[in-house]
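Novice: These protein sequence lines map, in sequence, to chains A and B.
Per my numbering, the first sequence starts with residue 1, numbered consecutively.
Per my numbering, the second sequence starts with residue 1, numbered consecutively.
Here it is, the structure in full.
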Amino acid sequence: MRDFKRISVRRMTKRFGEKTAVDDFSIEFGKEEFVTFLGPSGCGKSTALNCITGLIPITSGEIYIDDECIDDAKTSVSPEKREFGMVFQNYALFPHLSVKENIAFGLRLRKLSKSEIERRVSDALRLVHLEGYGSKFPAQMSGGEQQRVAIARCIVLEPRLLLLDEPLSNLDAKLRVELRYELKALHKRLKLTTIYVTHDQTEALALSDRIVVLKLGKIQQIGSPQTIFSDPANPFVADFVGYKNAWKGKIESLKESGEALAASVRTDGALIEARLNYPKDDPRRAPIVAAFKAGASVTTAIRPEDIVVGAVPGSNTFRCVADLVEYQGHANSVSACIKGCEEARVDMHSVSDVSFGEAFEASVDPGKVLLFAGEEVTP
Amino acid sequence: MRGSPKRGALLLLIPAIVFILLLFLYPFGYGLFTSLTNADGSFTLANYIRFFHDARDLRTIGVTLGIAVPVTLLAVGLAVPLSYHMRRGVPGEKLITFFLIVPVTLGTVLVSEGMLSFMGPNGWLNQLIMALGLSSKPIQFTHNYAGVAISVGLQGFPYAFLMLLGYVSGINPDLEKASQMLGATKWQTFWKVLFPLMVPGIAIAFCLNFVMAFSVYPSAVLLGQPSGPQRVMALAAYQWAFEKFNFNAASAISMLMAAIELCVIIVVLAWRSKMYKGASIVGKG
């Protein structure tokens, strides 16, 4: 493998006719980094991945490996010369070739010696725990096994960049978790620079060093899993990482309370207090104070699991009526209507004894409420 | 999916079985019987022995193979790259497909008649060739080998093409991407991935085309020299049956045609199973 320090994607854009699938996409990947493109279907994450491989030509922008330009929309290094490896959602194994021949495919093209190919194929098979499967054909294997072969087929070539396009999406829930662990272990061991595409926030959080959240081809936020999860940049990201309750409202007041800012927000159904922890020396504090003046439109975001049943002193408490109760094993998931209000709904998890149609009180700690400027409501 | 079907479901096979018995097995069995008997109805191999001792009849095998094999190879050989290039659809695909289907729908006789005037010594094609200065005198396209070959090819090619187009456009496009990402050029991807996956389709297209070409009759009569160089097996069988009224000899020739076709099909299918192992293996994906 040719060594490198970083891969830079600069202002990459892809248009299909009028539609912009990838819009002004810039990111830098460090060597050995595991980066995930996260977003709903149609957000352009797979297109972005295919553009980086060169399989889809880009409309504008540049891609660099260190100082070597591999794509600037006019001239581009063809995919087979980029030394990238790709794993597909549907495995894309060659059905006419045995497992061994599939894995040896790229090695044969590189004209390596028979013994070298033999050695590297059996190493790769061991790495994905498929010793003894070499002479099987893809159609004789389960989905999980096939995807392991596909991974082995890539890593045997020691690619400069490994790209995985929803590799676990075709597998059942149990296998998905197993293979996720294996991917993580493989990355720890081989330290291949990896881009992973998924719509599943759990996979993204579990695997990534950094997550790129995408919406309609535009980057919404780039950050560590912790940042994305607890400090989403906008209501879209918040919704995507589980802040299912998004209510429009207007700021009634914004007060300083020690190191934090205390905001009161009047929504359709309730008065919500939010405590925003921005210490005095935090550079983000001043813009927040400016944006959240009294009367400003805001969106509140609350996680279902942060809402508890019953009135808790010092918390936001609202009366609701349960209108949908889903049993989920360890607890119920309840969708409720805030009393006297048709619009605002509450989703909560881990609620044990609420039944359909029942009125009850629910509370949420002000510290668990996120506030976003503007009235943008998540789709 | 392979459970034991309910008894009632087997009854559904009856129409198909009756159909096969009446329209295939009975005529075939009757033909075989006729070829192995003489006019009195007693058993004999004379019909076959006669064929192999009659030089004029024996050479029909070579004549027919000489038309069927090259024409089929050419038709399938052209269909492979064309269907490959059209696998993701091309502009005007419907129009191209339409013009390919037309000769099939018109029937052999009409196409042959058309070729006689279009490609004849005073036809448009030769006038065009001479006007362009490509040749000073008319090129003979009819009443010779070329005429028969072109006509048979025109009839067979659409089948091969449409069949292969269905085959190659059904191949998962991610396989090509995967191959490319593993370092293969377009050419390598074609030969190492797409072509092997097309082999079953190529084999079937070849067999169908070959059988059609091998039983060539109207093209040979209308566009060839049926008394001499293009006297094909089907024509020989016809002459024995309806000019000499020897149905036993004619049946023997028909049986030999079937045997030769079968041999070629066996060779093609053997090639297919050598090239493509995956097809015989089923299992869950």
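Quick reminder that beta carbons are idealized off the backbone N, C-alpha and C, glycines included.
Are A/D306 and A/V364 close, meaning C-beta to C-beta below 7 Å?
Specialist: Yes, the Cβ-Cβ distance between A/D306 and A/V364 is below 7 Å.
Novice: Roughly how many angstroms separate the alpha carbons of B/T44 and B/L36, rounded to a whole number?
Specialist: Near 5 Å, if we compare the C-alpha coordinates of B/L36 and B/T44.
Novice: With A/Y278 and A/L261 assumed to form a contact (beta carbons below 8 Å), what rounded beta-carbon distance in angstroms separates them?
Specialist: Going by Cβ atoms, the distance from A/Y278 to A/L261 rounds to 6 Å, so yes, they are a contact pair.
Novice: At least one CB of chain A closer than 7 Å to the CB of B/V216: is that the case?
Specialist: Judged by the 7 Å Cβ criterion, B/V216 is not in contact with chain A.
Novice: Starting from the C-beta of B/Q225, find all residues in its chain whose C-beta is less than 7 Å away, skip the five residues before and the five after it, and write them out in chain order.
Specialist: Correct list, in chain order: H143, N144.
Novice: Taking only the alpha-carbon atoms, compute the straight-line gap between A/V121 and A/A92 and give it to the nearest angstrom.
Specialist: C-alpha separation (whole angstroms): 18 Å.
Novice: Does B/L197 come within less than 7 Å of chain A when only Cβ atoms are used?
Specialist: So, interface residue.
Novice: Taking the continuous beta strand (DSSP E) assigned at B/L335, which residues delimit it?
Specialist: Outside the shown range of chain B, which is 1 to 285, sits residue 335 of chain B, and nothing can be said about it.
Novice: Below 8 Å on C-beta distance, what does A/M86 contact in chain B?
Specialist: Per Cβ cutoff of 8 Å: K177, A178, M181.
Novice: What in chain A is Cβ-close to B/T185, meaning under 7 Å?
Specialist: By Cβ distance, chain A contributes E80.
Novice: Could you tell me whether any Cβ in chain B is nearer than 7 Å to the Cβ of A/A92?
Specialist: Closer than 7 Å to some Cβ of chain B, the Cβ of A/A92 qualifies, so yes.
Novice: Look at the Cβ atom of A/V334, then the Cβ atom of A/V298, and state whether they are nearer than 7 Å.
Specialist: Taking 7 Å as the Cβ cut-off, A/V334 and A/V298 do not qualify as a contacting pair.
Novice: Short of 8 Å Cβ to Cβ, which residues in the region 272 to 285 of chain A face chain B?
Specialist: Cβ contacts with chain B: none found.
Novice: Does the contact criterion of 3 or more C-beta pairs under 8 Å hold for the region 184 to 199 of chain B versus the region 242 to 256 of chain B?
Specialist: Output reads no: the region 242 to 256 of chain B does not touch the region 184 to 199 of chain B.
Novice: Taking the continuous alpha helix (DSSP H) assigned at B/Y167, which residues delimit it?
Specialist: Counting along the chain, the alpha helix (DSSP H) containing B/Y167 begins and ends at 145 to 169.
Novice: According to the neighbour-count rule (16 or more other Cβ atoms, all chains shown, within 10 Å of its Cβ), is B/P121 buried or exposed?
Specialist: The residue in question, B/P121, is exposed, as its Cβ has fewer than 16 Cβ neighbours within 10 Å.
Novice: Using a beta-carbon distance below 7 Å, is A/L109 in contact with chain B?
Specialist: So, interface residue.
Novice: Using a Cβ-Cβ cut-off of 7 Å, state whether A/H96 counts as contacting chain B.
Specialist: Cβ-Cβ to chain B under 7 Å: yes for A/H96.
Novice: Quick one: what's got a C-beta closer than 7 Å to A/T75's C-beta in the same chain, skipping five residues either side?
Specialist: Nothing listed; no residue qualifies.
Novice: I'd like the list of long-range same chain contacts for A/S46, defined as Cβ closer than 7 Å, with 5 residues on each side in sequence excluded.
Specialist: These residues qualify, in order along the chain: D165, V197.
Novice: Count the other CB atoms, across all protein chains shown, that sit within 10 Å of the CB of B/K244; report buried if there are 16 or more and exposed otherwise.
Specialist: With fewer than 16 other Cβ atoms within 10 Å, it is exposed.
Novice: Can you round the beta-carbon distance between B/A286 and B/G156 to whole angstroms, since I take them to be within the 8 Å contact cut?
Specialist: As displayed, chain B neither begins before 1 nor continues past 285, which places residue 286 of chain B out of reach and without an answer.
Novice: Over the uninterrupted beta strand (DSSP E) stretch that includes A/C69, give me the two end residues.
Specialist: That run of the beta strand (DSSP E) goes 68 to 71.
Novice: My understanding is that A/A204 touches A/T36, with C-beta atoms under 8 Å, so please give their C-beta distance in whole angstroms.
Specialist: Right, the Cβ-Cβ distance comes to about 4 Å (below 8 Å), so this counts as a contact.
Novice: CA-CA distance, A/E80 and A/I117?
Specialist: Taking the straight line joining both Cα atoms gives about 19 Å.
Novice: Output needed in chain order: residues of the region 45 to 59 of chain A with a Cβ under 7 Å from some Cβ in chain B.
Specialist: Hits within the stretch, in order: T53, L55.
Novice: Give me the Cα-Cα distance between B/S280 and B/A16, rounded to the nearest whole angstrom.
Specialist: Residue placement at B/S280 cannot be trusted, given a pLDDT of 41 that sits under 50; what the coordinates show is reported in the next sentence. Going by the C-alpha atoms only, they are around 25 Å apart.
Novice: Only counting the same chain, and skipping five residues up and downstream in sequence, which positions put a Cβ closer than 6 Å to that of B/M1?
Specialist: In this prediction, B/M1 has a pLDDT of 44, which is less than 50 and means its spatial position is unreliable; nothing more can be read from the coordinates.
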